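Written out below as structure tokens is the structure these notes cover.
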Amino acid sequence: MDYVLHVLVMVALYAILASSFNLLIGYAGLFALSHAAFFGVGAYATAILAAKLGVPFPLPTLAGIAVTAALGIVVALPALRIGGDYLVIVTLALQVVVTATLLNWTGLTGGTDGIRAIPRIELFGARLDTPGSFLPLAVAVAALCFAIAWRLGASPYGRALKAMRENEAAAQAVGKNIVAMKLSVFAIAAALASVAGSLYAHYVSFVSAENFTVELTIYLLAMVILGGTGNLAGSLLGAFILAVLPELLKFVDMPSDVADKLRQMLYGLILILILRWRPQGLLPESASAHHYRAPPERAPVDAPVEAAALEGRGLERHFGGIAAVAGLDLTIEPGRITGLIGPNGAGKTTAFNLLTGFLQPDRGEVLYGGRSLKGVKPHRIVRAGVGRSFQDLKLFTHLTVLENVLVALPRQRGDYLAYVYFAPWIVRAEERRNLARAMAILEFVGLGARAGELASELSYAEEKLLAVARLLATGAQALLFDEPLSGLAPNALAKVFPLFRRLAASGRTLCIIEHNLDVIRELCDRAVFLDEGRKLAEGTPEELMRDPQLSGRYFK
Amino acid sequence: MSVSLAARGLVAGYGRKRVVDGIDLEVDAGRILLVLGHNGAGKTTLARALFGLARVAGGAVRLGGRDITGRSPARNVADGFAFVPQGHGVFRSLSVADNLELGGFVEHERSRLAEHRERVFGLFPILAERRAQLAGTLSGGQQQMLAIGIALMHAPRLILLDEPSIGLAPNLVEKVMQSVVQINRSLGATILMIEQNVKASLPIAHRVAVLKTGRKIYDGPPEPLADHVRLMELF
Amino acid sequence: MNGSHYALLGLGFGLVFGTTRITHFAFGPVYALSAYGCWFATALSAPLWLAAAAGIATGALAGVLSYLVVYRPFERDESPALVILIASLGLFIVLENAIGVVFGTDTKVVPAPPSGVLLWGPLVVTGAQLAQVAALAVIALALGLYLTRTRFGKAVLAMSDNPEMARIVGIDTLRVSIAAFALGSAIAAVPACLILVKDGATAHMGFIAVFMAFVAVVVGGIGSLRGAVAGGLALGLVESAGMAKIPTEWQNSIAFVVLFVVLLARPRGLFGGR
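Protein chains in written order, with my numbering: chain A, 1 to 556; chain B, 1001 to 1235; chain C, 2001 to 2274.
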């Protein structure tokens, strides 16, 4: 019986570890293989403070959280600049360093012997020194940690994390500060793991570096993948299955270290099989907003706004030795649609990048409403009122249509963890309002009926509409569309034209890059012809297209 | 040696998107077909689907009358069908000579390789001068010439080129077009060329097809398209 | 002298990674398996040179099987690179523990052949270390010649340079991938056998091997074989330089520091272009 209780305690600890790991790799898409290190640092912090320095519970736990969170931020720093393979190796390297430190800093950590005789926790007069007595505490703490992780995942912050995972550039384009998000999610995931470590130290009363190795991280990885990345309940399930299943091996008679190895082989095998046959895991990713039947907001989406002119003055930008944009003067006036046309390589997308902060000009200025946008980061520029869409859309494919729009809405206090945890009622009220607004925007573009579908399920035309909706949602009044209608069949175009006209009529500042000259003719009151990074001509579309010199250049 | 290529009702795309939406194309043996269209019209997907690099969702492709739909690139190459992809398809870290040798990878009669190489050098003397140079250090125009040279190394009967003029200065574009004509005449290879640069490519085409949003909207002789206003209408 | 050890590991790993784009974590246990294969042969009273050949063969076979059985199905499904990476982690765990189960957890040793000690100026060089360096030189040279002079070798380089273009000229990428795995594992088997003789073999030796190999490749620049060798040598150099000042146990951490510094300064690695 004691044995079963022990397994349950371990399940509780793994639940904390797996769910916090899921936040990092499943929600944020940050593949950091250092989770066992966070677990170990938390355990050792407790061990050192409690056993060696006699600090009473729960102070060592809190100290552990602080140290591990700091470590988490250190690990996050390389993640700010690099990703993918590089992040894997750096976090793996960190794992190695931590293990080495734990093994070798004998003075502090007891070296290979570890630290023994860690005092048990005493609660309400009872000493928690048996699995049975420890279990309630373990479950309570696990529930608390899980609730913290759950709240984070289900909040607008969690949604922003997923958006960042799907596409960093697009997340910035809708106003998300991805640097802050990466740092904070690392800190929280590390802190949660450290709590588990602290409990572990008090429970087993002994810590040794060999418990906190990369093999453990892979074990946790298997739990998260099995349960389903992006689904915290799945991590619970994965933790349960992978902690209990190998115990069944106990019924087979064999020496314990062989059993141990077979258990590990089992994890590895399950990992490979799951990836092969059901990579999304047992439970699907949870969407954060289900109330897509919310009634749309009454205030119309294309209500008149006071937009300003967006100007680029003397913009220059070089790549290597080539000038992509060489002295560009461009003014986009509010209340009408300006078209940007030109042959391939004319610098149109580069111009957009410069106007929206995705690239900084080598020379020249970008002004919105007379205010300079120099040096402002992309996620801030969108807050200042200038937004852009991408030629390749960059939709958040594993989020629902509704979530794609929701995440783009501006000034969400739910993006800040302080509000998420300490003023949830404010966040809830905001969510309700935002849901109504998001639905209104979706109705405006004609995607209202598809709100609950994943963005990956949309047809080509619907994807284009979603990109427009997402840009609209940012609340930016200057909207720059990069080939928003390319590849759409004429009947789809006919349906979309009125949208753009209404937006222009509302006073917004619109600019579109298009190759399809039908679109330019239909939509644009004014067109600018770009070639070799310079503005060659400006006028009505008819004027430009009738000019033989320009059409000569267009078709080179 | 040349061969014809025909596509009937070709459908191809990525995921749910039908980037190529039921296209019929035909180029007779020994002729040059020019395929025009704006960005996003499906030209590159078309090329990749014809050659076996992109999945064919519907329709058929015939080489010299034989069905080759969805066949792997390796088998196409062995059958004399070469592809010059967009964006300088060369091996940047290898020398010009090695690049050419790799172009002739499927050529089993190694002795013929020398002959093919000489033809390439004849067409592009600059490559002969720089045969030991790393491909990545060549200029854009030279890389494009090398890319074409690679395709010639197994004496193909049909060459598919995807925007060979992209990113090149006008005089180099002219050179590329002239080489294509020479290849067509001396080697007799059938040419299917996808292009954005209408002005340079129109004069060398025997026939032109114009694509728009995945469909073909024009198929016929090049002369009517010389009028740019007409072209603007089509685009 | 550790530099040549890491250089060979980097070369083997880099060959696999550069050609197939697969982050092959199971490279570690395959390396360990080579050492065990070598040991097993000596346990069967084979002479050392034959045992080494057995070790190399074991490694090559294990590497190719890893590819065909585990990685290739994912490749055919066009799974994202991250999925294959996680699968390789799973394979790592399975193989590492399988070795432990089959061979036990004790360190396997092989009686070292008598080797002289050279005095070269202020340096004292053992026969084993000389063998390491010689191995690196010979293998690097042989591989270099093979890759740059033979038809198939050039196909390997081609796939490493531009996999799509390799397909376009008609190269059979499956055969090249198999060759990459076979060669890469065989190359790693050499330092494996040398370590077996010097320190003995344990089931866990694979982890540090693949870790160092990965670091060497990243530092040297992903996609450059010369870089992988340089990266490995650099690692060895930094380790040796630190050997005097820092206690042995910390030396793996030096790798981390080198990695960190290089990535911050030049995110593409020293020779990287990708």
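Glycine included, C-beta positions come from ideal geometry on N, C-alpha and C.
Note that the structure is predicted; figures quoted are calculated from it, not measured.
- Within chain A, the residues whose beta carbon sits less than 7 Å from that of T2105 (chain C) are D257, listed in sequence order.
- In terms of beta-carbon proximity, P2111 (chain C) stays away from the interface with chain A, with every pair separated by 8 Å or more.
- Here Q549 (chain A) is exposed, its C-beta having fewer than 16 other C-beta atoms within 10 Å.
- With a threshold of 16 other beta carbon atoms within 10 Å, Y3 (chain A) falls short and is exposed.
- Runs of the beta strand (DSSP E) lying entirely within the segment 515-543 of chain A, each at least 3 residues long, are 526-531 and 534-539 in chain order.
- DSSP places I118 (chain A) outside both helix and strand once states are collapsed to three, so it counts as coil.
- Excluding sequence positions up to five before and after M254 (chain A), its CB lies within less than 8 Å of the CB of L262, all in the same chain and listed in chain order.
- If you check the CB distance, E306 (chain A) and G507 (chain A) come in under 8 Å.
- If one requires a minimum length of 4 residues, the alpha helix (DSSP H) runs lying completely within the segment 232-305 of chain A are 232-244 and 256-277, in chain order.
- Around the beta carbon of E2164 (chain C), a 10 Å sphere encloses fewer than 16 other beta carbons of the protein chains shown; the residue is thus reported as exposed.
- Here the alpha carbons of A1128 (chain B) and V496 (chain A) stand approximately 54 Å from one another.
- Residues of chain C with a Cβ closer than 7 Å to the Cβ of R1008 (chain B) do not exist; the shortest Cβ-Cβ separation is about 24 Å.
- Annotation: R1055 (chain B) is outside any alpha helix (DSSP H) and is labelled neither H nor E by DSSP.
- The way I'd put it, the segment 42-49 of chain A does touch the segment 100-118 of chain A; three or more beta-carbon pairs between them come closer than 8 Å.
- Here A504 (chain A) is near I337 (chain A), since their CB atoms are less than 8 Å apart.
- Along the segment 209-243 of chain A, going in chain order, the ones with a CB nearer than 9 Å to a CB of chain C are T213, V214, E215, T217, I218, Y219, L221, A222 and I225.
- In this structure, DSSP gives L2085 (chain C) a helical state, which the three-state scheme calls helix.
- DSSP places M2165 (chain C) in the uninterrupted alpha helix (DSSP H) bounded by P2163 to I2168.
- The three-state secondary structure of S1095 (chain B), taken from DSSP, is strand.
- With a minimum length of 3 residues, the unbroken runs of beta strand (DSSP E) contained wholly in the segment 1018-1082 of chain B fall at 1020-1027, 1032-1037 and 1056-1063.
- Note on geometry: alpha-carbon atoms of A478 (chain A) and R1185 (chain B) lie some 54 Å from one another.
- For L409 (chain A), the three-state secondary structure derived from DSSP is coil.
- Per DSSP, reduced to three states, the secondary structure at H318 (chain A) is strand.
- For H2024 (chain C), the closest of C:G2144, C:C2193, C:V2070 and C:V2156 by C-alpha to C-alpha distance is C:V2070.
- In chain order, G312, L315, R317, V325, P361 and V366 place their CB closer than 7 Å to the CB of L354 (chain A), counting only its own chain and leaving out the 5 sequence neighbours on each side.
- By the rule that beta-carbons nearer than 8 Å mark a contact, I2168 (chain C) touches chain B.
- DSSP, read as helix, strand or coil, puts E168 (chain A) in helix.
- Runs of beta strand (DSSP E) with 3 or more residues, each lying fully within the segment 1160-1221 of chain B, are found at 1190-1195, 1207-1212 and 1215-1220, listed in chain order.
- Per DSSP, the continuous alpha helix (DSSP H) segment holding Y203 (chain A) begins and ends at I178 to V204.
- Of B:V1056, B:E1109, B:F1083 and B:D1024, the smallest CA-CA separation from V1208 (chain B) is found for B:D1024.
- In this structure, the CA atom of D415 (chain A) is about 11 Å from the CA atom of S184 (chain A).
- Rounded to the nearest angstrom, the Cβ distance from N1076 (chain B) to G1104 (chain B) is 15 Å, too far for a contact under 8 Å.
- Sequence-ordered contacts of the segment 1021-1032 of chain B with chain C are nonexistent [C-beta pairs closer than 7 Å].
- Exclusion of the five residues before and after I1159 (chain B) leaves A1082, A1151, A1189 and I1191 as the residues of its chain whose Cβ lies within less than 6 Å of its Cβ.
- Using a CB distance below 9 Å, the part of the segment 2141-2159 of chain C facing chain B consists of T2148, R2151, K2154, A2155, L2157 and A2158, ordered along the chain.
- If you ignore the 5 residues before and after L137 (chain A), its C-beta comes within less than 8 Å of the C-beta of I121, L123, L128 and L199, all in its own chain and listed in chain order.
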